[in-house]
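For the sequence shown, position 71 matches number 54 in my numbering, and the numbering has no gaps at all.
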Amino acid sequence: KYHHNGNYLFWPDLASAHYSNLVKERLHEKNVPLVARQDNPPNIPQARSIETVWALLKRRLYENNWEAKNLDALARQIKQKAKEFDQNMLQAMVEGV
């Protein structure tokens, strides 16, 4: 929907799972470009808009001292709060990288 022109790139954090052979093969099969590990800087939050998204989600998730009673409640709350994000704001964050 938001990347209909194919102009996207998978830019993971440096977790070894993101660079496993299985993940790299799957991305290649799907024609999804991947930032090479050697070109991926270790800690530049400004270049990783997803880090800002996670921080915003976490802040909204626990506002008013909300606490999950169980994993299902946590999953529901995460989905609800994620739906509340303004899609235009998220798109602008990604395009600003």
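All C-beta atoms, glycine included, are put in the ideal place defined by N, C-alpha and C. Please read these numbers as outputs of a predicted model, since none were measured by experiment.
Taking the CB atoms as reference points, tell me whether Tyr45 and Pro16 lie closer together than 9 Å.
Contact flag unset, no.
Using CA coordinates, which residue listed in Lys52, Leu10, Ala38 is at the minimum distance from Phe89?
Given that the chain is displayed from residue -16 to residue 80, the structure contains no residue 89 and the question cannot be resolved.
Helix, strand or coil: how does DSSP classify Leu44 here?
Note: Leu44 maps to helix in three-state DSSP.
Distance, Cα to Cα, Gln74 vs Lys52?
Distance between the alpha carbons of Gln74 and Lys52: 32 Å.
If you draw a straight line from the alpha carbon of Ala(-2) to that of Ile61, how long is it in whole angstroms?
Cα to Cα, the separation comes out at about 22 Å.
Under DSSP, the alpha helix (DSSP H) around Leu17 begins and ends at which residues?
That residue, Leu17, is in no alpha helix (DSSP H); it is neither H nor E in DSSP.
Leaving aside the five residues before and after Lys7 along the sequence, list all residues of the same chain whose C-beta is less than 8 Å from its C-beta, in chain order.
Leu17, listed in sequence order.
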